[in-house]
Amino acid sequence: MHVAIVDEELPYPLNSGKRIRTFQLVCRLAERHQITYICHRNADPQEAIEAEVELSRLGIKTLVVDRHVPPKAGPGFYCRLGANMFSPLPYSVASHRSSLLDRMIRDVAAREKIDLWQAEWTPYAASLRNLGTARRLIMAHNVESQIWRRYHESETNPAKRWYIGHQWRKFERFERRVFQQADQVVAVSREDAALISDQFGAAHVDVVENGVDTAFFQPDRSQREPGQILFLGSLDWRPNLDAVDQLLSTVFPAVWAQETSARLCLVGRNPPDALLRRVSAITGVELHANVPDVRPFLARSALMVVPLRIGGGSRLKILEAFAAGLPVISTRIGAEGLNVEDGVHLAVVEDIEGMAPAIVASLKNPTPGLAQAERGRKLVEREYDWRILTNRLEQLWERIPEFDSGVQARAHLETTKRILK
47 MHVAIVDEEL PYPLNSGKRI RTFQLVCRLA ERHQITYICH RNADPQEAIE AEVELSRLGI
107 KTLVVDRHVP PKAGPGFYCR LGANMFSPLP YSVASHRSSL LDRMIRDVAA REKIDLWQAE
167 WTPYAASLRN LGTARRLIMA HNVESQIWRR YHESETNPAK RWYIGHQWRK FERFERRVFQ
227 QADQVVAVSR EDAALISDQF GAAHVDVVEN GVDTAFFQPD RSQREPGQIL FLGSLDWRPN
287 LDAVDQLLST VFPAVWAQET SARLCLVGRN PPDALLRRVS AITGVELHAN VPDVRPFLAR
347 SALMVVPLRI GGGSRLKILE AFAAGLPVIS TRIGAEGLNV EDGVHLAVVE DIEGMAPAIV
407 ASLKNPTPGL AQAERGRKLV EREYDWRILT NRLEQLWERI PEFDSGVQAR AHLETTKRIL
467 K
């Protein structure tokens with residue numbers, strides 16, 4: 047098949063969950079299919095060069111257009127947020143629209159036979175709207191409206207809460223439209239798939255979970271530092287920043303009060319300056335930004351914490367911890383979307399208030415957590431290896447031509463519902 051993938055940027059280097067998932071699936075599929083990757087140029091110039099070289103090495107054709115990435119701070123940012131009040135599109139969709147990208151898509155569609163168009167992030171489904179009868183797949187890394195709903199639930203500032211609620215409702219309308227129009231939607235968890243099908247009426251929804259390279263991540267307990275607590279995640283993503291704020295404000299101080307040997311290690315890309323300044327003033331906390339390899343941190347830590355209050359999809363970092371044999375303590379939201387059991391593969395607490403007691407208990411008695419980590423390793427070997435998941439996505443690619451178009455399928459679904467009534 048010849049598959050054209052439309053995305054925000056090239057998925058390299060592998061320093062975020064989205065990039066890791068996309069790269070691991072696409073690089074394997076490129077061994078058997080012709081792939082053209084159409085996207086904006088990576089914001090970091092060095093990353094842009096490295097990414098094009100790496101994807102070219104894998105036989106993936108890249109078509110990259112330039113764009114100006116507007117800053118997410120300052121008066122101009124707030125003016126853009128205000129102007130978005132008059133747009134039918136959510137800000138995250140409108141700010142990623144690009145006439146150059148749309149023109150590139152039209153040019154490729156006109157001169158090449160593309161068997162399938164894949165929007166690698168839901169907002170980019172908007173760029174595939176004028177392709178006639180072309181087959182279209184949406185890779186839903188998250189249900190974006192669910193994340194915005196959770197932002198709304200956790201926000202205490204009345205003005206911000208109102209604006210977030212406005213964006214949440216826009217995203218619901220946007221996702222309903224693009225999911226119904228797609229020939230195939232791929233979710234990363236059964237929970238997300240059910241939401242996309244039941245709430246948004248998508249006709250064809252299947253699951254290709256997040257995964258892990260079980261050969262790359264291996265258990266190594268020789269370097270464990272008993273008091274080290276690890277948080278791993280992109281530090282330019284709002285749910286992770288909220289989780290880190292909870293760690294620094296309430297969780298780690300409560301742990302430190304009982305275990306003065308405890309240390310908190312934050313690892314992630316692109317931390318904001320305010321976070322760097324905050325961490326430098328806190329005893330027992332260190333931050334490592336934009337590291338080339340997370341495995342040394344997984345090897346040295348005693349446990350990983352996932353204190354998410356906001357999120358969707360599923361967490362690749364939990365799978366990486368399992369593969370590395372590292373115990374995990376997570377909130378319920380942090381662990382959702384994965385086929386895991388509390389007390390079997392990891393420790394799950396209902397909310398942030400339960401995080402500190404669970405961490406202290408694990409530091410004082412690590413044996414149960416280590417046993418859970420061993421079972422987690424077996425789980426990812428059995429269900430979450432990228433080779434297994436690549437085969438699943440490939441089967442969906444090859445099945446899509448059998449479907450009616452998304453619009454036809456939706457009409458057929460509504461007709462069927464009326465007949466059954």
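Using the working numbering, you'd call the opening residue of the sequence shown number 47 and step up by one each time. Quick reminder that beta carbons are idealized off the backbone N, C-alpha and C, glycines included.
Where Glu-332 is concerned, the enclosing beta strand (DSSP E) starts and stops at 331-335.
Just measuring C-alpha positions, the residue of Phe-225, Glu-55, Ala-345 sitting nearest Pro-265 is Ala-345. For the stretch 392-418, the full-length alpha helix (DSSP H) segments reaching 4 residues or more read 401-410 along the chain. Secondary structure of Ala-233 (DSSP, three-state): strand. Counting along the chain, Phe-225 sits inside the alpha helix (DSSP H) bounded by residues 204-227.
Nearest in C-alpha terms to Trp-432, of all of Leu-312, Val-331, Asp-259, Asn-188, is Asp-259. Pro-59 and Val-340 have their C-alpha atoms some 13 Å from each other. If you look at Gln-274, you'll find it in the beta strand (DSSP E) that goes 274-278. Contact check between the stretch 222-235 and the stretch 82-98: fewer than three CB pairs, one atom from each, fall below 8 Å, which does not count as touching. Using a C-beta cut-off of 8 Å, the stretch 353-366 makes no contact with the stretch 210-220, since fewer than three inter-stretch Cβ pairs fall below that distance. Cβ neighbours of Gln-269 within its own chain (closer than 7 Å, five residues either side excluded): Ala-345, Arg-346. Here Gln-245 carries a coil assignment [DSSP, helix/strand/coil]. Under a 10 Å Cβ-count criterion, Glu-332 is classified as exposed, with fewer than 16 other Cβ atoms of the shown protein chains found around its own Cβ. Just so you know, the alpha carbons of Arg-445 and Met-401 end up roughly 44 Å apart. In its chain, beyond the 5 residues on either side, Val-351, Pro-353, Ile-398, Met-401, Ala-402, Ile-405 have a beta carbon closer than 8 Å to the beta carbon of Val-297. According to the DSSP assignment, Met-350 belongs to the beta strand (DSSP E) that extends over 349-352. Of all alpha-carbon atoms in Thr-82, Leu-71, Ile-364, Gly-330, the one lying nearest the alpha-carbon of Gly-383 is that of Ile-364. By the criterion of a C-beta distance shorter than 7 Å, Trp-443 is surrounded in its chain by Met-47, Val-49, Leu-162, once the five residues flanking it on both sides are discounted.
With at least 16 other beta carbons inside 10 angstroms of its own, Thr-68 counts as buried. Of the residues assessed, Cys-125 falls on the exposed side of the cut-off, its CB having fewer than 16 other CB atoms within 10 angstroms. Distance from the CA atom of Ala-240 to the CA atom of Ala-233, rounded to whole angstroms, is 9 Å. Taking 8 Å as the cut-off, the Cβ atoms of Ala-370 and Pro-272 do not count as close.
When the alpha-carbon of Val-395 is set against those of Gly-178, Ile-375, Thr-413, the nearest one is in Ile-375.
Residue nearest to Thr-306 within the set Asn-203, Lys-410, Asp-53, Ala-155 is Lys-410 (criterion: CA-CA distance). A buried status is given to Glu-255, since no fewer than 16 other beta-carbon atoms sit within 10 Å of its beta-carbon.
The Cβ atoms of Gly-314 and Leu-281 lie closer than 8 Å to each other. Lys-424 carries a helical assignment under DSSP once its states are collapsed to helix, strand and coil. Membership of Lys-107 in the beta strand (DSSP E) is indicated by the continuous run 107-111. Residue environment analysis places Glu-387 among the exposed positions, since fewer than 16 neighbouring C-beta atoms fall within 10 angstroms of its C-beta.
When DSSP reads this structure, Trp-163 sits in a beta bridge with Ala-50, Arg-182.
Within its own chain, the residues whose Cβ lies closer than 7 Å to the Cβ of Glu-218, once the five positions on either side in sequence are excluded, are Ser-191, listed in chain order. Per the coordinates, the alpha-carbon of Ala-94 lies some 9 Å from the alpha-carbon of Glu-55. Shown here for Gly-330: same chain residues with a beta carbon closer than 7 Å to its own, the five before and five after excluded, namely Trp-302, Ala-308, Arg-309, Leu-310 in chain order. For the 8 Å CB-CB criterion, Tyr-170 and His-142 form a contact. Cα atoms of Ala-417 and Asp-229: separation of roughly 43 Å, rounded to the nearest angstrom.
As the crow flies, the alpha-carbon of Leu-75 is around 42 Å from that of Lys-206.
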